[in-house]
Structure formats: structure tokens, C-alpha cells
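Per the numbering used here: the sequence shown ends with 1627, consecutive numbering throughout.
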Amino acid sequence: MRDVTPDVPVTARRTVLKYSGALGAAAALSSSLAACSSGPESTNDTGGGSGQDRTLTAVIGYGNDGSWDPTQTASAFCMAANHHIYEGLLDTDPISREPYAALATQVPKGLRGTSWKFTLREGATFHDGHPVTADDVVFVFDRILDPDTQTLAKGFFASWLREVRKVDERNVELVLKFPFPEGLSRLTLAKIMPRHIFSRPGAWDDAIKGKAVGSGPYRQTAHHPKSNTTFEAFAGYNGPRRPAFKRMNWLTIVDAAPRVAKISGTGAGAQIADNIPYANIARLRSGGLTVEGGAGMNNLFLMFNTRHKPFDDVRVRQALHYAIDTGKMVEVALKGHGRPSSSFLNEANPGYRRAGTVYDHDPDKAKRLLKEAGVSGLRIDILAVNVSWIVDCLPTIKASWDAIGVETTLSPQETTAVFTKMDQKQDYQVVAAASNPNQFGLDADLIMHYNYGPQNLWMQYTRWADDPVAKKLFKDMDQATREPDPDRKKTMIQDYIDIVAEQAVLYPVVHNELMTAWNPKRITGIRAQPYPGINLLQAKWA
């Protein structure tokens, strides 16, 4: 079974999907790369060179044909690549998510005010040689905050950021609507892009299709959708994360078996791979590879269509969650690399508290709730994404629901196919899919607003946003965002997560680990991420 990019739905998903089937022509992009690329087009070969000049080859278990526009994308491959190509004013450590100065010269202090001032790094240039200026910073934030432009990034900034002002060529001011210290780590989600390139007609469409020109340590040299993307160290980079590899070749291999084969054995063609299947861990370790996992927000969730009876009844949604034998799912499908969800947040999240409603396996309670709801003879067709570990979990859901008298069929499909149906407002009963908001950060406020909100596509898919409980929830969430006291804010978030847990409209079943494998004799400085993709900004040749 195939793994697919967890391109979770976003406000701009329709724009993203518009291009999802039109990315096969790499030639359309070659001319736009010519201005910043002098190297030859690469292939899936591991590349030439020797010693420190050899090519680092990585295998990514997700597609490279999603949107590359940093203001739009939720693609695992593209987000990981963009962290190497672009910079924010601040960027964050891939594990701790602590902010550090990237394009800006320092992390500001005094975050309880409503004005943050940044000075741009002297000598910072884009990959085409143009200097980075305050105009470029304002250009990106204007796009994000534009009320007439729908971007994913808007959901991360619009609630608290009023505007970004140019002070002079190297200085900018961020004006906040209210004090919001948590916003500091979100600045990495606003990658600074060259205004002279992306203000041209059609340039945002080019960005979606793969054109990437930033100021980061690596520049994109070739892009072949559904095949590979290549990078080269940017000689003009003068920032804090110096490139250690002269060239990189990132392969997209969504099928599990060839992905594992590419990194294993004496003829291994790659030095690192993400999305390692649990069944291959022992063999890879015995072959000398390091295989480590990152436990975070990666989860299998159920999403109910609340306009399709009987899923408008909270008791039915709860019953189906109580029925699932999550312990068996963790043991059999995840090989122990996961935990049953005890909150919307995973247990390691700083904002975690055990939810007021926890769906421990209780088939008797599930039957009782269905009886109270007056439901019998229920038949469910689960529309599911075909990510391999999700498919491994589906038989447990079916067996659990069958056991309480709910006749269940499974319909795993490509992720794009599943959410195209959602975008077309086709009828459905239940969706089972994967999500990981940790791609964007650890901030509980960010995670919850990403999944819940009156204008959120997730809520449009569930048809729940007009429910009185939902309207009250959204107000509680906005109040928590504005709360200045961090302890009080944390409690308010935990309190409304209890409502999310009780309603079980869109809710995780299990949180699991994501596994990364690499050859420690070839590369060092690798840390396994708890979200898809890799980060090589602190890695180097062994």
C-alpha cells in the first residue's frame, strides 16, 4: 500500500488541488529556475563527487508535487525543502521549536508589547543576487494579511498581527493587535520571498508549481515533480545555518518497499530516509543504520459528516470512538509505536491535559449510547486515505465496529481523491485520515485553530460550524488567544479542548511515532522529527 503526502486540507486547498494533476511537465519550470541555477538538471541518481563535494541523497516518503508556495503549502516534502531554501525573520529549531535569528539580527525582547522591531542581516541576498530588503518583508506579510487573498498562513497570523511596516531599507516593525508572545515562533511560517520575482503576473502560480527563490543556505537547482528535487549550497549565504553539503538530491518515493530498499544494503543509494515502516526497523538497525522516532501530533483521526444522520447525534459519534480497541491498534498496527489519544493534543505537548472525555475501549458503553440515540442496524462505509500506517489501522476499526453491531466497510483511496470529494461537497459518513499540525509548531492555540474555526475547511467538511456548540467553542477559542496571562491561557485552551473531545466531530484515535533512518557512518547531526520530512540544516558529513 502506498504512502501519500499528508497534504491536509487548508483554506486554499482548492488552489492547491488545481495544480495537483498538472505538475508533470518539469520543462515548464526550467526557464524560471534558469536565472538562479547554473548546474545541470539532476536525475534520480545519487550524484557524483567525492569527499566533502559528494552529493547528499535523501529519500522522502511523500510527494514533491504539492504546492511550493510558502504561504500556502502543507505538503511534507515542500515544507521541509522550503526550510532549506527560504528564511523567516526568525526560524525555529526543528525539535524544540525555539526561535532563533534568521534574516533578522536578533530575537526581540519585551514581548508583552504590541510592537516588534527587526533589523535585517547585513549582506543578506536572494539566490539571484538581489539584496533582501524591508520591501520584501512587507510584500510577504501584506499577502498573508490581505483580506481578499486566501492563504494557509493567514490563519497563523491574522488574528493577532495588524500590519508590518517598513522603517527603512533594513528595518521593519510588526504591529500587533494585542500582546501575543506565542507569535514569535510563528514567524518561521512567513518565509521572506523576493518581491521583484513574486510580484510579477503569474508568479504565485509558478510558486505553487515549484519555483523557489529564497535567501536560505540552499538554492533549488532542478525540480522534477513526482521524481526528485535538487539543491546546491548557496555561496552568497551569510546566515547562522551554513550549508554542509555542496549538493543535495531529494528523491520522492511514496511506495514503502522501494523507499526502504534505497537506503538499505551494501548498494544503498541514499544516506537518510523518513517515513520508515515499523516492520522494517529491526532489519535496518541490524544493517548498521540508526533508526529513531519522533512522537508528536501525528495522528489517525475520524471526521464525521454531521449533516448525515445519525452522525448529527453526539452520542453516536462518541459510541463509535468508545468501540475502537485502541490498545490492539497500537500493538498490532503500530507495533507499539503509538498511544491511544487521551486529548486532542499528544501527551508531550506543553499544553496537554488529559481531556474530560477519554475514549478508552468500552464496547458496552458504545452499545448503550447507540441504544439511547435510538440507532440500530447502522451501516458505515469508512472513506479513508491510503497512507500505509492508516491502512494498517483500519481493520481494527472495522472489527471493533462490527463487534457492536455496526456493519462496516473500508474504502481507502488516495489522499487527493478523498479530499477532492470533500471539496466537491459530496456526501460521506466518516473519514479516517492522518494529520500532523506539528509541521507548523507546538503552540496549542495554533494547532486548535488550524483544525477548528468558523472559516476553517475542516469545519466545512464536517458541516458543523453552524451548530450552537460550535459557535460557543469558536468564541471560547478567540478569548483564549487574547488572554495575556500564560497560565490562564493554557487553562482556557485545555477547557475548550474538553468540549472538542466531548463532541468528537473531528478527533484523533491514536497518536503515533514517525521513524527516520540514516547511515551514521556517512552523516551526523541528524535528529528525528515528530512530523513528516527532514531537516539537514545542522547535519554534516561524518
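The beta carbon of each residue, even a glycine, is placed where N, CA and C say it ideally should be.
{"Asked": "Sort Gly1618, Ile1366, Trp1289 by Cα distance to Leu1336 and report the nearest one.", "Found": "Gly1618"}
{"Asked": "Contact defined as beta carbons within less than 8 Å: I believe Gly1379 pairs with Glu1598. What is the distance between those atoms, to the nearest angstrom?", "Found": "6 Å"}
{"Asked": "Just confirm the distance between the C-beta atoms of Met1562 and Tyr1535, as a whole number of angstroms; I'd bet it's less than 8 Å.", "Found": "About 11 Å; that fails the 8 Å criterion."}
{"Asked": "Tell me which residue opens and which closes the beta strand (DSSP E) that Thr1505 is part of.", "Found": "Looking at the DSSP string, Thr1505 is not in any beta strand (DSSP E); the run it does join, the alpha helix (DSSP H), is 1500-1508."}
{"Asked": "In whole angstroms, give me the CA-to-CA distance for Trp1626 and Phe1226.", "Found": "36 Å"}
{"Asked": "Residue range of the beta strand (DSSP E) that Lys1202 falls in?", "Found": "1200-1204"}
{"Asked": "Of the residues Lys1239, Glu1172, Gly1381, Ala1166, which one's Cα is nearest the Cα of Thr1156?", "Found": "Lys1239"}
{"Asked": "Go to Lys1241, then tell me how far its alpha helix (DSSP H) extends in each direction, as first and last residue.", "Found": "The displayed chain sequence assigns Phe, not Lys, to residue 1241. Phe1241 -> alpha helix (DSSP H) spans 1239-1242."}
{"Asked": "Once the 5 residues before and after Leu1196 are set aside, which same chain residues still bring their CB inside 6 Å of it?", "Found": "Pro1266"}
{"Asked": "State the CB to CB distance for the pair Ala1318 and Pro1328, rounded to an integer number of angstroms; the pair is presumed to be in contact (CB under 8 Å).", "Found": "4 Å"}
{"Asked": "In angstroms with no decimal places, state the Cα-to-Cα distance between Tyr1513 and Ser1496.", "Found": "11 Å"}
{"Asked": "Within this structure, are the beta carbons of Gly1321 and Thr1210 separated by less than 8 Å?", "Found": "yes"}
{"Asked": "Would Ser1461 be called buried (16 or more neighbouring beta carbons within 10 Å of its own) or exposed?", "Found": "exposed"}
{"Asked": "Would you list the one or two residues that DSSP bridges to Ala1186?", "Found": "Leu1175"}
{"Asked": "Within 10 angstroms of the Cβ of Ala1602, are there 16 or more other Cβ atoms? Answer buried if so, exposed if not.", "Found": "buried"}
{"Asked": "Please state the DSSP three-state secondary structure of Gly1421.", "Found": "coil"}
{"Asked": "Would you mind sorting Gly1421 into buried or exposed? The rule is 16 or more other CB atoms within 10 Å of its CB.", "Found": "exposed"}
{"Asked": "Just the Cα atoms here: how many angstroms apart are Gly1610 and Ala1518?", "Found": "32 Å"}
{"Asked": "State yes or no: is the C-beta of Gln1137 nearer than 7 Å to some heavy atom of the ligand SAH?", "Found": "The model on display carries no ligand, and the ligand SAH is accordingly not part of it."}
{"Asked": "Which of helix, strand or coil does DSSP assign to Ile1489?", "Found": "coil"}
{"Asked": "Can you check which of these residues, Ala1418, His1393, Thr1442, Lys1413, is closest to Asp1466 by C-alpha distance?", "Found": "His1393"}
{"Asked": "Let's see if you can read the secondary structure: which residues bound the beta strand (DSSP E) around Gly1378?", "Found": "1375-1389"}
{"Asked": "If distances are taken between C-alpha atoms only, which option among Ala1143, Ile1578, Thr1576 comes closest to Ile1348?", "Found": "Ala1143"}
{"Asked": "Going by the beta-carbon positions, is the gap between Val1222 and Leu1174 smaller than 8 Å?", "Found": "yes"}
{"Asked": "Does the segment 1418-1432 come close enough to the segment 1473-1480 that 3 or more CB-CB pairs lie under 8 Å?", "Found": "yes"}
{"Asked": "List the endpoints of the continuous beta strand (DSSP E) containing Gln1305.", "Found": "1303-1309"}
{"Asked": "Distance check for Gly1146 and Val1339, CA to CA, integer angstroms please.", "Found": "5 Å"}
{"Asked": "Out of Gly1441, Trp1486, Trp1543, which has the shortest C-alpha to C-alpha gap to Thr1505?", "Found": "Trp1543"}
{"Asked": "By DSSP, does Met1533 sit in helix, in strand, or in coil?", "Found": "helix"}
{"Asked": "Since Asp1583 contacts Gly1441 with CB under 8 Å, what's their CB separation in whole angstroms?", "Found": "4 Å"}
{"Asked": "Within the same chain, show all residues whose beta-carbon is closer than 7 Å to that of Pro1125, passing over the 5 residues directly before and after it, in chain order.", "Found": "In this prediction, Pro1125 scores a pLDDT of 36, lower than 50, which makes its location untrustworthy; no coordinate-derived value is stated."}
{"Asked": "From the DSSP output, in three-state form, read off Asn1365 for me.", "Found": "helix"}
{"Asked": "Starting from the C-beta of Gln1524, find all residues in its chain whose C-beta is less than 6 Å away, skip the five residues before and the five after it, and write them out in chain order.", "Found": "Met1164, Tyr1616"}
{"Asked": "Cα-Cα, which of Ser1428, Lys1202, Gln1403 is closest to Pro1448?", "Found": "Gln1403"}
{"Asked": "Output the boundary residues of the alpha helix (DSSP H) element that contains His1281.", "Found": "1280-1283"}
{"Asked": "Apart from the five residues just before and just after Ala1451, which ones in its own chain have a Cβ nearer than 6 Å to its Cβ?", "Found": "Ala1404, Tyr1407, Ala1408, Ile1489"}
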